[in-house]
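Peer 1: One structure follows; several queries about it will come next.
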Amino acid sequence: MEKIAAMGYPSVQVSAVGPISPERIREICDRYGLAIAVTHTPQDRIRHETGRVIEEHRIMGARHIGIGSMPQEYRDGPDGVDRFIRDYTPAAEQITAAGLKMHYHNHDFEFARPDGQVLLQRIADGFAPDRLGFILDTFWVQAGGGDPAWWIRHLAGRLEVVHLKDMAYDNGRVMTPVGEGNMNFETILAACRDAGTEWLMVEQDTCVGSPFDCLRSSYDYLSRFDLR
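Read in order, the letters of the sequence shown are residues 77 to 304 in the working numbering.
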């Protein structure tokens, strides 16, 4: 966290951090002046331990509770999406009533059209906008054949968080620091401004070399734009 703050990043996403208490996470982030913008929280906990998850997010000062991916048991097309909507609506309602918000993070499979409709649209239609927001991942939208800037504008009003992730090609798609791939971030960032996106989170699942070097490269590129 010290290194991230020293680069100039103002916020982080908390996910996959191991058995660390929310109090300790808040203490560390506060020490370095980092806001906790959003989390990825295990799906089963969001569904079955909703009250506890809400309290943990209040302790951390995080308003956005992220579902990092659709659980595997729901990935069987429109029927699975409908079951996901049914099963997670109670959690979404409880989270909204507590003054927080549940968010869904996409990958590429949500851009399939098994019945003519993009699955991501089916998810969006299944929840009221104040019950479910989206953490749109630019890399995975592109990987699914979608247009990231179009989807950002399309989901305006429920897109408080966007994952900025770039794509290059090397015998297949690869993740790169933002600005080193082939995606048009000028149009993506303009769409984020139009959509009123609150948090732009740099994310890179795999790195060649040091992850901190990749974070620095992404930060330096994004510093060319007026993002604050």
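Ideal placement from N, C-alpha and C gives every residue a C-beta, glycine not left out.
Quick caveat, the model's predicted, so the values are computed rather than measured.
Can you list, in chain order, the stretches of the alpha helix (DSSP H) that have 4 or more residues and sit fully within the segment 168-218?
Peer 2: The qualifying runs are 195-202.
Peer 1: Please list, in chain order, all residues of the same chain as Lys177 whose beta carbon is under 6 Å from its beta carbon, the five residues on each side excluded.
Peer 2: Working through the sequence shown from its first residue, we reach residue 177 at position 101. The answer, listed in chain order, is His140, Gly209.
Peer 1: Using three-state DSSP, classify Ala138 as helix, strand or coil.
Peer 2: On the sequence shown, residue 138 is found 62 positions in, with the first residue counted as 1. Residue state, collapsed to three classes: coil.
Peer 1: Based on DSSP bridge pairs, tell me the residues matched to His239.
Peer 2: If you number the sequence shown from 1, residue 239 lands on position 163. The partner list for His239 (beta bridge, DSSP) reads Asp213, Met277.
Peer 1: Could you check what DSSP says for Ala225 in three-state terms: helix, strand or coil?
Peer 2: For the purposes of this step, residue 225 is taken as the residue at position 149 of the sequence shown. Three-state DSSP puts Ala225 in a helix.
Peer 1: How about Tyr164 and Gly156: are their beta carbons less than 7 Å apart?
Peer 2: Walking along the sequence shown from the start, residue 164 turns up at place 88. Walking along the sequence shown from the start, residue 156 turns up at place 80. No.
Peer 1: Could you tell me whether the Cβ atoms of Lys241 and Asp213 are closer together than 7 Å?
Peer 2: Along the sequence shown, read from residue 1 onward, the residue named residue 241 stands at position 165. Along the sequence shown, read from residue 1 onward, the residue named residue 213 stands at position 137. Their beta carbons are under 7 Å apart, which means Lys241 touches Asp213 by this criterion.
Peer 1: Can you tell me the Cβ-Cβ gap for Val90 and Ile80, rounded? I've got them flagged as a contact below 8 Å.
Peer 2: Here residue 90 corresponds to residue number 14 of the sequence shown, with the count starting at 1. Here residue 80 corresponds to residue number 4 of the sequence shown, with the count starting at 1. Going by Cβ atoms, the distance from Val90 to Ile80 rounds to 12 Å, so no, they are not a contact pair.
Peer 1: For the candidate residues Arg107, Pro147, Ala232, whose alpha-carbon lies nearest to that of Pro118?
Peer 2: Counting from 1 along the sequence shown, the entry for residue 118 is found at position 42. For Pro118, the nearest C-alpha among the options comes from Pro147.
Peer 1: Contact check, Glu236 vs Thr263 under 8 Å by CB: the rounded distance?
Peer 2: Sequence index remark: in the sequence shown, residue 236 carries index 160 (1-based). Sequence index remark: in the sequence shown, residue 263 carries index 187 (1-based). About 20 Å; that fails the 8 Å criterion.
Peer 1: Can you name the residues that DSSP bridges to Ile249?
Peer 2: The sequence position of residue 249 within the sequence shown is 173, counting from 1. According to the sequence shown, residue 249 is Arg rather than Ile. BP columns for Arg249 point to Tyr245.
Peer 1: Please report the distance separating the alpha-carbon of Glu256 from that of Arg229.
Peer 2: What you label residue 256 is simply residue 180 of the sequence shown in a count that begins at 1. What you label residue 229 is simply residue 153 of the sequence shown in a count that begins at 1. Near 24 Å, if we compare the C-alpha coordinates of Arg229 and Glu256.
Peer 1: Give the DSSP bridge partners of Val114, in chain order.
Peer 2: Taking the first residue of the sequence shown as 1, we reach residue 114 at position 38. Val114 pairs with Gln89, His140.
Peer 1: How is the alpha helix (DSSP H) around Glu256 delimited, first residue to last?
Peer 2: Within the sequence shown, the letter at position 180 stands for residue 256. Segment: none, Glu256 is in no alpha helix (DSSP H) and carries neither H nor E.
Peer 1: Quick one: residues in its chain with C-beta nearer than 6 Å to the C-beta of Phe301, no 5 flanking neighbours on either side, listed in chain order?
Peer 2: Numbered from 1 along the sequence shown, position 225 holds the residue referred to as residue 301. Cβ neighbours of Phe301 beyond the five flanking positions: Leu265.
Peer 1: Verify whether the separation of the beta carbon atoms of Ala244 and Asn258 is less than 7 Å.
Peer 2: For the purposes of this step, residue 244 is taken as the residue at position 168 of the sequence shown. For the purposes of this step, residue 258 is taken as the residue at position 182 of the sequence shown. Cβ distance < 7 Å, so Ala244 and Asn258 count as in contact.
Peer 1: Please work out which residues of its chain come closer than 6 Å, Cβ to Cβ, to Ala138, disregarding the five sequence neighbours upstream and downstream, and give them in chain order.
Peer 2: Counted from its first residue, the sequence shown places residue 138 at position 62. The residues are Ile112, Thr115.
Peer 1: Do you know offhand how far Gly84's Cα is from Pro190's?
Peer 2: Counting from one through the sequence shown, the residue named residue 84 turns up at place 8. Counting from one through the sequence shown, the residue named residue 190 turns up at place 114. Near 43 Å, if we compare the C-alpha coordinates of Pro190 and Gly84.
Peer 1: Can you find a CB in chain C that lies within less than 7 Å of the CB of Met243?
Peer 2: This model lacks chain C altogether, as it is built from one protein chain only.
Peer 1: Check each candidate in Ala92, Pro166, Trp275 and name the one with the smallest Cα separation from Ile122.
Peer 2: Along the sequence shown, one-based indexing puts residue 122 at 46. Comparing Cα positions, the closest option is Pro166.
Peer 1: What is the C-beta distance between Phe187 and Gly144, in whole angstroms, given that I count them as a contact (C-beta under 8 Å)?
Peer 2: For the purposes of this step, residue 187 is taken as residue 111 along the sequence shown, with counting starting at 1. For the purposes of this step, residue 144 is taken as residue 68 along the sequence shown, with counting starting at 1. 17 Å between Cβ atoms; not a contact.
Peer 1: Determine whether the beta carbon atoms of Ile101 and Met136 lie at a separation below 7 Å.
Peer 2: Numbered from 1 along the sequence shown, position 25 holds the residue referred to as residue 101. Numbered from 1 along the sequence shown, position 60 holds the residue referred to as residue 136. Yes.
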